[in-house]
Each structure stands twice: as structure tokens, then as C-alpha cells.
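Data block below; observations after.
2 protein chains.
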Amino acid sequence: MNNWTLLYEDFDPAKENLREALCTLGNGYFATRGAAPESEADEIHYPGTYLAGGYNRLKTDIAGRVVENEDLVNMPNWLLTKFRPEDGDWFNLMSVDILFYRKELNMKDGVLSRTVRFRDRQNRESTLIQRRLVHMANMHLAALESTIIPENWSGRIQILSALDGTVINAGVERYRQLNSKHLEPVKSGEVNDDIIYLLVETNQSLICIAEAARTCVYFEGEQIEVERKLIEEPGYIAHEFFIDLVKNKPVTIEKVVSFYTSKDFSISEPALDAVEALKHTGNFKGLFDSHIMEWDHLWDRCDIQVSDNDRTQMILRLHIFHLLQTVSRNSIDLDIGVPARGWHGEAYRGHIFWDELFIFPYLNLRIPMLTRSLLLYRYRRLNRSRLAARESGFKGALYPWQSGSNGREETQQLHLNPKSGRWLPDNTHLQRHVNAAIAYNVWQYFETTGDLEFMATYGTEMILEIARFLASITSYNRELGRYEILGVMGPDEYHDKYPDSEKPGLNNNAYTNVMTVWVLRTAIKALNQLNPKRRHDLQETIELEKPEIDQWQDIIHKMRVVFHDDGIISQFEGYNELVEFDWEGYLKKYGNIQRLDRILEAEGDTTNRYKASKQADILMLFYLFSSEELHELFKEMGYDFDPQIIPKNIEYYLKRSSNGSTLSNIVHSWVLARSDRPRSWNLFNKALESDISDIQGGTTHEGIHVGAMSGTVDILQRCYIGMEFCKELLHLNPRIPEGLQRLMLKIKYRGNWFDINITPEVLAITSSRYRDIIAKICFRGKIYEIKPGDTLNFDI
Amino acid sequence: MNNWTLLYEDFDPAKENLREALCTLGNGYFATRGAAPESEADEIHYPGTYLAGGYNRLKTDIAGRVVENEDLVNMPNWLLTKFRPEDGDWFNLMSVDILFYRKELNMKDGVLSRTVRFRDRQNRESTLIQRRLVHMANMHLAALESTIIPENWSGRIQILSALDGTVINAGVERYRQLNSKHLEPVKSGEVNDDIIYLLVETNQSLICIAEAARTCVYFEGEQIEVERKLIEEPGYIAHEFFIDLVKNKPVTIEKVVSFYTSKDFSISEPALDAVEALKHTGNFKGLFDSHIMEWDHLWDRCDIQVSDNDRTQMILRLHIFHLLQTVSRNSIDLDIGVPARGWHGEAYRGHIFWDELFIFPYLNLRIPMLTRSLLLYRYRRLNRSRLAARESGFKGALYPWQSGSNGREETQQLHLNPKSGRWLPDNTHLQRHVNAAIAYNVWQYFETTGDLEFMATYGTEMILEIARFLASITSYNRELGRYEILGVMGPDEYHDKYPDSEKPGLNNNAYTNVMTVWVLRTAIKALNQLNPKRRHDLQETIELEKPEIDQWQDIIHKMRVVFHDDGIISQFEGYNELVEFDWEGYLKKYGNIQRLDRILEAEGDTTNRYKASKQADILMLFYLFSSEELHELFKEMGYDFDPQIIPKNIEYYLKRSSNGSTLSNIVHSWVLARSDRPRSWNLFNKALESDISDIQGGTTHEGIHVGAMSGTVDILQRCYIGMEFCKELLHLNPRIPEGLQRLMLKIKYRGNWFDINITPEVLAITSSRYRDIIAKICFRGKIYEIKPGDTLNFDI
């Protein structure tokens, strides 16, 4: 098995949807999936779940009244390229005998290729070889190359090469009742005889999307002229032409396409620039060369090599690959966040949740300017979040659980349980912890890059306003002399209220409370490191005065965390009173109980009654903080913190978790890394399978899980290498599981690149030759200097 | 005289156009000028020459064929607020007796106000007091407050408050034959009874522009309800209502307006977001308070205090003020450059020339993230510039002389001489030196900020591609053993070809040749400071190999500069053969000979025949480089450089310059600063008058000259203080003219703020308390350390 390639050697219509998601091509600006030329057989003939930044779910009229549901917007389908013998059917995988099939995602080159040998009803045998790319260096370009070899026949074939703006959103079964049509035709036409273009406009956001295409034919290495017939319908344009095929002589059809939107920088008008771009773009070969060079440079920075079996290595690369399909250097300054499902499918409608917490650590260490840009997605929605806080009766900034294009709360108010067919109230917007995740991401970016200019202009203001919001949702319990946070949800979506209560929300979710303390402490730290001028102005602008900061200090010292059973942190107040769940019985009964919530609801029961978590959210604390940091946090709050409680809590909650989220395996693998390396390694390998094996049984075809993909990669780098960034130092404290025989990666820390190479015995770190900087690193608590170009070796 | 205020105490219709330009309000996102409510009397009732980034001059169809001329786009007029007594005429300054008039631009607060007492034809005496702001903290908002006091009458008045999208471009006389209509109505309407909105679309670039307005009435401190009548026409919407006025009782009409475009970040749909924003925006008072707080913070960083007379101080502030109207923190990430005339008028159609060379040094030292963003305007047009170079037969990147929205060359091919009425070929696109200016700006930004991440990702690539372009326009003269650059223009637009030649362009323009050498040297420096990984990838991507860099070295050592008259650098080869010009005769004949080119052309003659410059472009060398730097540059080229030739050259060329550009006085003041301080000070003061006194006689009303405004400020800081940035050090070498008794300013250098305070005897510099950084500065060649919060005093 080639560890650079995702390979399928059979055609299986039942699996095609999943495979298309896994084979999605993108470049951080747009993404493309969907089959061609069998598009007529293919339900999901949309390419590019695309409009960056997440799209508003609710379409409202000008007065803010909801008029219909809105969805993620798709681009016009550019892949649509059909062919048929003059007297035959359009080629369609479903209606031919397949003699050979091979589909191959080459991740090294970022190229998707497919070879099909088939026999049609007229007993014509042919081979079709296709290669497809979405250009990584020039984000406005993509190309599809199709080679047809008539093996036992000669004759004329008809080719149709289209840009189809009549696409609809139909990729997610349960969204089908929502409005699925988002594009209105604006204009289309033909330029220079060989270029067609299509301009459409999104019907809510008024964004114009232009595509232009040029289709050329090559025979025996030479371009041949064809007579193109233009076909135009509203929102649809195509070139149609005929080629005479000669037995055993390959003919190649190249379709080169350009994409622009009215949101793009440096354009005059999207259709004009799309056509212009094509005029100056060469053929497939040239695009291919510059595309793979860019990938070569990308992989040089982004690859992580493990000498495990080839499958582990391949999946790891698949995860890195899909992260870079979603966001890349091309995404910088696009005003996008990272949607939970990438641009690989329509699930979650492109909305941004908290997944960046699992994604940014990888990006920070390789393309920090990208993280900076992704954090600006949040900064630009700070005002909207301030408004949300005010409207909810709080202070500061309340970021939404699901964020879309203008940053308002896009969480659905009802959701469907497909098992029971019932629509249920959705309280997930009470997951206030998304705010802490944003503050954490800002601070991690700063610690990794040392970008003080960013902190002065954007970062500190965000952290302060989030701190202020979290402080404002606390209430002081005089009896206990402690601050509490009432009526929220933690990351565990199995618990959204007390079983006997009508009111949504839970009290004193431990994760939320501890994160609040961390945010408040970090806010004070961030404020104090500002230049005095900026500090003064910022405080004056946001009206932050000393009494408020004093109150933060008070909250830090008196935040409540509920414990039970001698050192077990209660996931929330009252958790211990819940009923133990019959895990064995239900597992026997249902086989897969990852979506226990749906099972119980269909039975008329609810997960709210049980000690059962979708993901055990107090484990997040051990995921985000080292034992030392937790010790410090709990000490500040006035609680004893015995490091021994960590494994005890892990055991306790692992037993009570259904792993209903793809993120659970990541967190569980992580928190076990120090105490139970074999189990951690097992969970890591299980996490690797999340998407490639679609372990949730049917979610991956709606879009891969970027957080889980990125999380696996991060386990290798930050967790197993024990990499931390604090006090302006890179800390290393490896703890390598036995399954991992070798680990090689590169990281960029504060402008300097380091090569890290690990065997079971030795960690070697090399500093690059960069401006004669003598780097300092801290290995297991001791500080070392590395000269440019030098390598330090540490025994593990 | 208040040195924070631009004050006019008379109403002069002939001067109103100029004054409106000088009173333009903006916030770096949009700008507003135009009179209200006398708009009907006012030819230029457009507000906001706006669409950032410069707009394409040529409207082309999809095939690239020119179909009509296109122009800078204006926003719908939001100022339009009219009133009249029920039975009278709409108020109009032209048709009333003005009893008192006062118009005041308060730069400290960023507020334009006006008080008019007048008597109408019915002998009603009234006072109108208006205040207007374009919000600096929330860039989407603006407001106009109008207070009416009926002094000797009571009665009903009618108010009309409109958003008018039927505006046309009519601000520049000589452009009137161009298409002036750029907006198409999309929709309009009324929300919540009190909000109106208007959505229009630009007819070439397909950008949607939304405005929403709420007009409220206050009487004796309380808001009063009025019955609004809605008036809608295509592209126009208004609320009309009546108020009963009571003699001597003031009534106040507040119009609060929001602006969004489809290019904006963090929006759903521009009209929706404009309406939403208004719903959450309070009254004038609240906007006023947050607006002046932002200005207070801005001035704290941006003010430069001189204890000269109040007029000098006031104009200096006017210059800083207008620079910040054009670009500000609100401009960051907008994909704009700095247009030569700001957003203050339609001249030059918002295009970007080389003026940033005079503008960035001020911004670098105060809002460096803004310069970074403005440089990205160029980076995003690098591909377009590569194409331009390729299409002209050169290598690298050829940036256009006039840059617009998509970065293609927008320089007109013909221009009108209003004196002769003739259309003449325009060769100014041959000003290749704009490329050197861009490289210089990138490097200055780096030296001031130390932003290596920017250099690695963007800056170095730009400098390298410009270097490559400039190298590719050289040709080797075997006879002389020197490289030459043939057929270009320098900044001096009086010379665009040899008098006896048909072919445009001149050979060996000294400024271009020396700048080329500087760019090539800097390119090598920038490349070598990259991280080895990035250097490798970048060279591979742009196919830059060692032989090419070796050739750059060869050009550096063998570039030709032509001298004549014993040490005089010839402006270009053959300059010495030109005829001396009869300055005295022409001055006597024409009075003002700044536009000598037009005078001579009208006489059938041409400036190309004479030793006469619009701006003496070799002086730019003494402007951009210190004597030491020039010495090094000439030494590299194999020329002796005696510092004595500097004053000699200055004398020679000053005598032969007509100062036809507003930039000339800046450059001349600068180059004389070391040799002739009184004359330098005089020229500085002359430069201060450029716009406020409209010294070119009629250009300022078409838009102020941002380069000249910024240049005057820069003379104080970099020239008189002798501030330089090189080798990662801040250098100071003051040379204060006698007229300047005191100078106080703040600068941000590599993240740290410094206060600089100068008297004729002492320069005091204070470092801010910032992260315990011990700063190093170099005063007259000697290095000193400053601890946080400490002050160093140097005798001058």
C-alpha cells in the first residue's frame, strides 16, 4: 500500500457518496466533489460546498423576519463533462459493464484520478482515464483531464462540457425540506469561440459567482480544432462538439476552469476576471506542474512521518490533506472560519462551532499567518457578539455556538431525531464554552508566534470581552461564598437540562467554570503585557475599569467546582444524583449506541436521566492543560488538587461515555497518554478511522470531521511529544507509545523552523539557519540553547 | 486662531467647492463631502467618492473590448436633508439673506459644523446649526444633526430626509464627457416605520451598496413623534414629515445613517446588515461621544506639535487629519491602496500612483498594520503585474503607473490640454520608477517594524519580482561596458521623449537607473534574510536561479549614470543638449508657470526641448537616501561620489524647475534641509499651503493631494529630526531650522513607542514601559540604550 494514496479498486454505488467526500479536492478558497462524467447517475452532482465563512441558516427579510430556511451555498457545477457515442447513451457508470476500475487520490500531488475500462450495450469496449485538480498555487483555477481510448471500435463521439448553475443543495437527507435553491442566473456567454462563462448570484447574500471554462481536445500530442456548438439555458451554459475516435488511439479532453466571486480582492467584475484569467492560463500540463510544486512545498512543512504501518501513515496524511483542502494560504484574508465539516459536504451548513480548538494547534506551528486570519473571523464578529451579550442581559461579547456569515447565532431551535421522527427543542446554543475556546485559541496563537502586534490590535480586546461576558454569567452564592454559573451546557450534548426540569441548562458545568477562571486570568495577563498607551485606550474604549478587574480576581479565587465520590469532579452540579446507565444491556440491544440520545428519545426516555455522556467534558480539562497548569488553576480557586485525581477522573468518566462525538476518541487518547500508553495508542488509531471508515455510520458523506482529523495529528505533535508553549519557551516532554516507532516533523515556533526526529530512544531537534538566532528550548524542565543549524539529542 | 480648527466665516459660492474638499469627512472606509441642505444649489451634491481601491477607468465588455469610460464610483447621497416653511421655498443658501455664517472643521473631534443665520423672502429670520460626523470607531455609521431656530416667527415646516442613489459623477469638469452614471437601483423600502433603506448596485463591478437612515426629531430635549410619509422613486427613497415650529424654540433633526457594501466582511446581505446596524445604534449624542473618544486616541498617537504660529500647527493637523480620512485602522484588510487625491474628489478617478512613497513613512511609525495592509494591495496585484511584464516582453512584475481595482494599467492614453483644447498622447505609463517606489515602501515597512513574517510571506516576493523586472529592462552597452535603461520616463512629466523623436521615452533617466541598483541590492539582501526553507521554495516557485542573481550583481556594478558639467548628474542622457528655458520671460508673460507644459503646447512648443522640469527628478535621490547611502550606491556602480556634488546638483536643478507638482516643494524643502535651513523652512511652509490655499489654482476642489499633505508631516519627522531606520536601529541626527522652535511627536518603532521632544537646544527621547524591553537608538552615529520609561537628552 502506498502511504501517499487513498485507493479504491472497485466501483460501489452504495459507497460512492462517502468516497466522494473523502476524495474532495479544495485549496482553502473553494472545494470540489462530485462525480463526472457519471453525473446523471449521481445524486450529489454538486461541486464545491463553498461560500466561505459559513452561511446563514435563516433567510430573513429586511425587517429581520424569518422567511425561509437558507443553506450552505454551492457553486455552479464545473465538472459536468459528458460524452457518448453518436448513436449511444451518455456514458454512465451505472449502465455499462465495468471491466476495470481504479480511483486514486494522490495526496502528494493533490490529484484525483480514475481509470475505468467498460463495455457498453453495443459491446464497445473503452477506457476512460481522468485526472482532476483544484489548483493550490493559483486559487482561482481548476482542471479536469479526460482521456478516452476506444479499444475495439472507431467512431464519432459527442462531448458536452458545461457550467451548471441550476445545482441545488441535496447532500443531506434531513435538510431536504429546506430551501435548496440559492443561485439566480445573471448572465452567460461565449468569448473567443473557445471560452464559456456563467455568472450567477446568490439569492440572499447577493454575491456574484463567475465561472469560465475552456475545453480543448488533444490527439496524438497535438491540439485539434473542433467545432463548438453553444448551448445556453438560464443558469446553464455548455459547449458541445464531436470527435472522431480511431480504434486504440487515445483522445484527451482538457477542461480548464476559473472561478471568481464578487467578494474577491483585486478584481474588476467576477465574470470579466474569470474570462481574463482563462485567457492567460495554459494547458493541463502547465497547471499540473505548478500545482504539484506547491504541494511539494506544502508537504515539506506539513507532513508528519511515522514509521508505523502504511495505513496509519496514509490516514494521517489524509487528515492533513483535508485540513489543507479546507483552509490554506489561499484562505488568508478571506474572512472565513473553519467549518466543522470542511467544505466537503453540506452538513452543519458550513457553520463554525468550537472545532478550531482542535485545529489551530496544528496550523499555528506551520502556517501561523493562516491562524491569524482565521482568528480575525472572530474579531470581525466581536461587535455582533457584544450585541448578543447585551440582548441576553450579559456584558462583554457572547459568541454564538454556531456562527455564520454575519456572526449571529445560527443554531437551530429544533432538531430532528430520525429514529423517532420527532422534532425536539435544541438547547445547544447554551454551550457558552465556545467563548472560552476562542480566547484559548487567541492565546495559543500568541504563545506560538509571539505576535504582539496582533494581540495589541485584536487579540487582547477579544479575550477581555469574552472574560467580561463569562464574568457576567456568574452569580455569587452567599451561602457557599462561591461564584456559580447556572443554566448552561457543557460540550456533552447528552445533558441539556435536569431530567425533572422544564428549564434548559445545567448548573456549574465544571469545564465551563474552570475555563472561565482560565480566561479571566489570561485576560489580566494579556492586558498587562500591552503597551501602556494601548492599554489605556483599549480600557477607555471598552469602559473596563479597575473595579471590574478586581471582581474578576474575586471570581478567580471563589469559582465553584462541584466534586463527588472523593475527588471526582462532577461534570455538573447534581451529576452524582443521576442514574447509572445500563451500558451492557443497551450495547447488546442496539449494537451501536454512539447516538444514545436518539435511541433513548425514541424509547420515550432521555439521556438527561443518566450518568452517560456523549463526550465526557471534564476530560477536556486534562486535554487542554498540563497537570502543573491545572494545579495552579485549582490552587487559585482555593481547591486542593492532587495530581492523582487525574487518572481517577479519567477512569470514572471513560466508563460513562458513549463516544458520540468524533472528538471523543481524540480527547480520550490524549488524556490517557501519560497514564496508559497502549490504550491511548489504541484510541488514537480508532480516531484515525473516524472518517475513512465512517465509524459513525453515515455522517462522513455529509462532510468529513475536520476537528477530529486535525486532532489526531495534534496528538502526535503536542501530546506524545509533550509540546507546550508558555513563558516564551518551547517545552518538550515526550511520552511515546510503544506502537509509535518513529516520528518526524517540522514546526515553526516564533519565526524559526525546527526539525524534530524521534525514535523510541532519542529525541533530536535541529534549529534552522535563520538570522543567527540562538534558540532556547526547554526539555523536561531544563533550558538548552541551540545554535543555527545545530542539533540537540535528548535521551527519552 | 484655534490651531485645531479650519474656520470659514463667510459664505462664498465661488469657493464652496474648494472648501467642501478641505472639509471632507471620512474614516478610511468611506468619505463624505457635499453641502446640505443647500444641495439643490450645489453642483456637487455627491457625498463619498468612495469605492476603495481605485476604480477601473475603462469599462470593458466580457471579451475585454472597451465599451465606455468608467469612473470612480460615488455612494448614494445620504446628506440630502431639505426643509422649508409650509408655504415657502426649500432652504437654499443662494436665495436667502445671510446674516451670519460660520463653518468649522473641528479636527480634534472630527466634526464639521455650520451655523447660518438667514432671512428668507418672507422676512422670516432663522438660525440653522448643523453638525456632521463620519464615525471613526464604527466605520459603517455617519450622522447629521440639524437644529433650526425660528427667531421671529412660528409655523409649520416640511422636512425631507432622503437617500439618493441617482447621483452622478460631475466633480471634475474635464471628465464630464465620460459616463457619469454608475449606480443601478436594486431595492428600497421602509422598516419599523422610522428606517428607510436603499440598495443599489454598481453597473460594472456588480458591487451592492446599501444605506439605511433613521431621521428623528427632538424638541426641548425630548424626542417627538412625527408622521412620516414615504417617497420612493427608482434609486431614491425619502421620509417627509411636518413639524410645528414655535418662535425662538429650537428643534433638532437627527439623521443617523449606516453603510454596507457586498464587499464587506461579516455581513449577511448589505441592506439587511445596514438596517440591523441602525436598529442597534443610538442617537447623535452617543455616536458623538464614541467618535470623539476614538479621535482622542488617534490624535494621541498621530499629532505632531510645533510651537510655530497657530496657522502652521493648524495646517499640519489638517494634513494629518485628511490622511486619516483616507486611510485609517478601518481600512485594514479592505484591499485598497492610497489614491493620489484621497477620497476627497473625483480627480484621477481614485487611482493609485506612486504617492505612497511620501505617505507610508508617516503611517509606518504610527499604524504599521495599516501600511502592511496597504502593501497587500500591491501583493494581490502581483500576478496581474507579472502578466503586464510578460505582455510587454519583460520579466518579473511590472506594476502600472495608474492602478485600479484589478491592478491593470489604467493610465489614460490621451489627455486634454485645456489651454489648447487639444487631446495629446499620454506616455506617462512609461514611468517604470513606480516599481522601485513599491519595493522601497516594502523595505521601509520592514525596517520600521521588523516584520519578518510579512517579508517571508509577501514582501520579499514583491521585491524580487520588481528587481527582476527592472533588470530585464536594462540593456548592455558593449561599447561603454555599462548597462542602460532606454525608453522610460522619470517622475518629471515635462519630458516624455526627445524633442526630435517620434518614439516616446528617454534613455538613462538617472533616478530610474540608480533606483534600479538600489532595488537589486535590496532584493539580494531580502532574499538572504529568509529562512532557508522559504528561500528555497520561493526561488523554486518564481524560478529564480543563481545565474540571474549573478546578472543582478553585474548590473549593480555596471549601471550607467550620465553626468555633465563636472559632477552634475544628467536627469537623463542628452539633458545637457537641451535648450535653457527663459524662466523670467515666461514668468512675466504668464504669471503662473507651474503648468508650463500646457502653456508651451498651446504655443505649439514643448517642454521636451528645454532644461525645464515639472519636478527635478534627480533630487528624489537626495530625498530618499542619505549622503552615506548614496556614496555606497555610487561606489557599487563604480562611480566616485563626492558629497559636495549634492548641493551643486540641488542648485542646478532647483533653478530649472517649475514646481508643477505639489510634491516638488516637499522634495526641495527636504533636499535643502542640510545645506540651507532657512530656504528649506520656507519651502516647507510653501508646501503647507498647497491645498489650503489651492496653490495650483483649481486642483484642490477635485480632491486634496494626500502625498503632499503627508510629505510635509514627514519633513518634520524624518528630515528635520534626521530619522533613519537601518541595520535594525533607530537613527537620529536632527537638523532643526530656526523657524521651528519646538517639535513634539510620538513614534512606534519595532513595537515600542517613543516620545520625542525637541527644542533648539535639546532632543529628548523617552521609551515606553513595555515588556521590559531595553531599546537601542543611535544618535549621530553613537549607540545608546534606553530603559523602559527612561528619557535620554541629547544636545543638538
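These protein sequence lines are chains R and E, in that order. The numbers in this note's numbering rise by one with no breaks, and the one at position 13 of the first sequence is 13. The numbers in this note's numbering rise by one with no breaks, and the one at position 752 of the second sequence is 1548. The beta carbon of each residue, even a glycine, is placed where N, CA and C say it ideally should be.
By DSSP, does C302(R) sit in helix, in strand, or in coil? helix
DSSP three-state label for P1639(E), please. Outside the shown range of chain E, which is 797 to 1592, sits residue 1639(E), and nothing can be said about it.
Which residue's Cα is closest to the Cα of H1497(E): T1253(E), D1551(E), E969(E), E1007(E)? It is E969(E).
Interface residues of chain E around R679(R) at Cβ under 7 Å? Per Cβ cutoff of 7 Å: no residues; R679(R) is ~37 Å from chain E at best.
L1374(E) beta carbon less than 8 Å from that of Q1121(E): no
Test: P532(R) CB closer than 8 Å to a CB of chain E: yes
Are at least three pairs of beta-carbons, each pair with one atom in the region 888-905 of chain E and one in the region 801-814 of chain E, less than 8 Å apart? yes
Which of the three DSSP states is assigned to I159(R) in this structure? Correct three-state label for I159(R): strand.
Could you check where the alpha helix (DSSP H) with Q539(R) kicks off and where it finishes? Where Q539(R) is concerned, the enclosing alpha helix (DSSP H) starts and stops at 532-541.
When you compare only the Cα positions, how much space is there between G849(E) and N965(E)? Only weak support is given to the placement of G849(E): the predicted model assigns it a pLDDT of 36, under 50, and the value that follows is read from those uncertain coordinates. Whole-angstrom Cα-Cα distance: 17 Å.
Cβ contact (3+ pairs, closer than 8 Å) linking the region 1103-1114 of chain E and the region 920-927 of chain E: no
Contact residues within the region 1175-1186 of chain E, judged by C-beta distance below 8 Å to chain R: Residues R1176, R1177, N1179, R1180, L1183.
Check each candidate in Y623(R), I148(R), F288(R), L163(R) and name the one with the smallest Cα separation from N77(R). Out of Y623(R), I148(R), F288(R), L163(R), the CA that lies nearest to the CA of N77(R) is found in L163(R).
If contact is defined by three or more beta carbon pairs under 8 Å, each pair taking one atom from either stretch, is the region 510-519 of chain R in contact with the region 561-573 of chain R? yes
Would you tell me roughly how many angstroms separate the C-alpha atoms of L1094(E) and R1405(E), rounded to the nearest one? 49 Å
Tell me whether D12(R) sits in a helix, a strand or coil according to DSSP, three-state version. coil
Can you list the residues of chain E that S113(R) reaches, using a CB-CB cut of under 9 Å? Per Cβ cutoff of 9 Å: no residues; S113(R) is ~24 Å from chain E at best.
Check distances from the C-beta atoms of the region 756-789 of chain R to those of chain E and list, in chain order, the residues that come in under 7 Å. S768, R769, Y770, R771
Between D1099(E) and the ligand GDP, is the CB less than 7 Å from at least one heavy atom? This structure simply doesn't include the ligand GDP, nor any ligand for that matter.
Along chain R, which residues have their Cβ under 7 Å away from the Cβ of L1248(E)? G751
Contacting residues, own chain, Cβ-Cβ under 7 Å from I715(R) (five flanking each side not counted): I666, S669, W670, F684
Enclosing beta strand (DSSP E) for P76(R) [first to last residue]: Judged by DSSP secondary structure, P76(R) falls outside any beta strand (DSSP E); it is assigned neither H nor E.
Neighbourhood of E812(E) by C-beta, 6 Å cutoff - its chain only, sequence neighbours within 5 removed: none
Which residue comes first and which comes last in the beta strand (DSSP E) that contains G985(E)? Run containing G985(E): 979-987, per the beta strand (DSSP E) assignment.
Proximal chain R residues relative to E1065(E), where beta-carbon distance stays under 7 Å: Q204, S205, L206
Using alpha carbons as the reference points, say which of H1291(E), E1249(E), E1275(E), S1471(E) lies closest to N1327(E). E1249(E)
Against chain E, does T460(R) count as a neighbour if the rule is that its beta carbon must be under 8 Å from one of theirs? no
Please tell me whether F353(R) has its Cβ less than 8 Å away from any Cβ of chain E. no
Give every residue of the same chain whose Cβ lies closer than 8 Å to the Cβ of K1025(E), excluding the five residues on either side of it in the sequence, and list them in chain order. H1035, E1036, F1037
Since H1140(E) and F1055(E) should fall inside the 8 Å C-beta cutoff, what is the C-beta to C-beta distance between them, to a whole number of angstroms? The beta carbons of H1140(E) and F1055(E) sit about 17 Å from each other, so the pair does not count as a contact at 8 Å.
Cβ of K263(R) within 8 Å of any chain E Cβ: For K263(R), the closest Cβ of chain E is nearer than 8 Å.
Closest to H433(R) by C-alpha separation, out of I466(R), Y476(R), A523(R), would be which residue? Comparing Cα-Cα distances from H433(R) to each of I466(R), Y476(R), A523(R), the minimum goes to I466(R).
Just the C-alpha distance for D1069(E) and L1559(E), rounded to the nearest angstrom, thanks. 51 Å
Nearest by alpha-carbon distance to N798(E): which of A1252(E), D1106(E), W1219(E), L1266(E) is it? Nearest option by C-alpha distance: D1106(E).
Using a Cβ-Cβ distance under 8 Å, would T457(R) count as near chain B? No chain B is present in this structure, whose protein chains are R and E.
I'd like to know if S405(R) contacts chain E, where contact means its C-beta is closer than 8 Å to some C-beta of that chain. yes
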